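Student: Heads up, the sequence shown is in the UniProt record's numbering, so the first residue is 1 and it goes up one at a time.
Each residue gets a CB set at the ideal place from its N, CA and C atoms; glycine is no exception.
No experiment lies behind these values; they were computed from the predicted model shown.
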Amino acid sequence: MELSAAVMKQWALRINEKMQEHKDKLSELDQAIGDGDHGHNMARGFQEAANKVNDSSYDDIGTMYKDIASTLISKVGGASGPLYGTAFLKAANAWKGRDVLDSEAFTEGIEAAVGGIETRGKASFGDKTMLDVWIPVRDEMKERGVDTEQANKTAAKEAEATIDRVAKKGRASYLGERSKGHMDPGAFSSQLVFEALAEVYKE
Ligand code: ADP
Ligand code: MG
Ligand code: MG
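1. So is the beta-carbon of His38 under 7 angstroms away from any non-hydrogen atom of ligand 2?
2. Flag this pair as touching only if the region 177-191 and the region 153-168 have three or more C-beta atom pairs under 8 angstroms; answer yes or no.
3. Mark Ser57 as exposed unless 16 or more other C-beta atoms lie within 10 angstroms of its C-beta, in which case mark it buried.
4. Count the other C-beta atoms from every protein chain shown that fall within 10 angstroms of the C-beta of Trp14, then say buried if there are 16 or more, exposed otherwise.
5. Contact between the region 50-69 and the region 93-107: three or more CB pairs below 8 angstroms?
6. Which whole runs of the alpha helix (DSSP H) in the region 48-82 are 4 residues long or more, in chain order?
7. Comparing C-alpha positions only, which one of His182, Lys168, Met19 and Gln10 sits nearest to Glu199?
8. Any chance the CB of Thr129 is under 7 angstroms from a heavy atom of ligand 1?
9. Taking only the alpha-carbon atoms, compute the straight-line gap between Val7 and Val114 and give it to the nearest angstrom.
10. With DSSP as the reference, label Glu21 as helix, strand or coil.
11. Identify, in the order they occur along the chain, each residue of the same chain with its Cβ nearer than 8 angstroms to the Cβ of Lys169, setting aside the five sequence neighbours on each side.
12. What distance in whole Å lies between the Cβ atoms of Leu101 and Glu2, which are believed to be in contact at a cut-off of 8 angstroms?
13. Note down, in chain order, each residue of its chain lying with its Cβ closer than 7 angstroms to the Cβ of Gln150, except the 5 sequence neighbours on either side.
14. Should Gly85 be listed as close to ligand 3, given that the test is whether its C-beta is under 7 angstroms from any heavy atom?
15. Which two residues bound the contiguous alpha helix (DSSP H) that contains Ser103?
16. Roughly how many whole angstroms lie between the Cα atoms of Phe194 and Thr154?
17. Secondary structure at Ser179, three-state DSSP: helix, strand or coil?
Okay, here's the thing in structure tokens:
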């Protein structure tokens with residue numbers, strides 16, 4: 001398994017396409033248990049990140065993902081901007097100086113990303129947040145190496161599993177038990193991140 005800088009660029013661009021495509025669904029999910037802006041936040045942030053990546057040339061994957069991270073941090077409001085921004089910033093640090101990522105290097109980035117989300121948001125697995133998707137994907141990668149199709153399947157399954165949970169962090173936690181019965185919007189956007197990875201790896 002290897003991910004070239006070209007594929008890593010396509011990943012960022014494909015994430016953006018997915019966020020545009022599912023913008024309304026992301027906001028509808030957030031309408032049910034939050035303030036209804038998750039689609040808007042993701043679509044705006046990743047569009048800006050895609051523009052930045054398209055307008056630049058990079059010596060390594062780390063520099064590219066650092067740009068993506070700082071764009072997300074500066075352009076996306078709310079909880080998700082800093083959380084996704086931190087995730088990509090930590091991954092970027094792990095990918096510094098690399099123009100290709102093997103399974104181990106990619107996994108190091110994902111581990112760092114998860115660590116960043118945890119430190120920033122203080123959530124744990126099962127709190128009905130984006131981490132409910134990221135943590136199992138990371139665990140599987142650490143255990144078995146990177147299999148993008150498997151990561152996609154796990155992300156979809158784990159996003160679905162947030163429906164029955166009670167939110168413990170973020171706006172949805174204000175609803176308590178009433179947050180049950182709806183998928184977490186950040187879990188769904190995270191599912192899209194890994195769906196995009198599986199697609200660009202296959203191509
Ligand atoms: P906001 O809630 O500020 O409007 P968004 O709607 O863009 O921001 O993002 C909401 C998503 O952010 C949630 O669905 C959840 O997945 C994620 N989230 C919120 N708080 C946390 C946290 N403390 N840790 C991890 N993820 C969180
Ligand atoms: Mg919101
Ligand atoms: Mg908001």
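Tutor: Per the coordinate set shown:
1. yes
2. yes
3. exposed
4. Just to set this straight, residue 14 is Arg in the shown sequence, not Trp. Result: buried.
5. yes
6. Annotation note: the region 48-82 contains the following uninterrupted alpha helix (DSSP H) runs of length 4 or greater, listed N- to C-terminal: 61-75.
7. Gln10
8. yes
9. 21 angstroms
10. helix
11. Gly121, Lys122, Ala123, Asp127, Lys128 and Thr129
12. 7 angstroms
13. Glu140
14. Distances between the C-beta of Gly85 and the heavy atoms of ligand 3 are all 7 angstroms or more.
15. Ser103 to Gly121
16. 9 angstroms
17. helix
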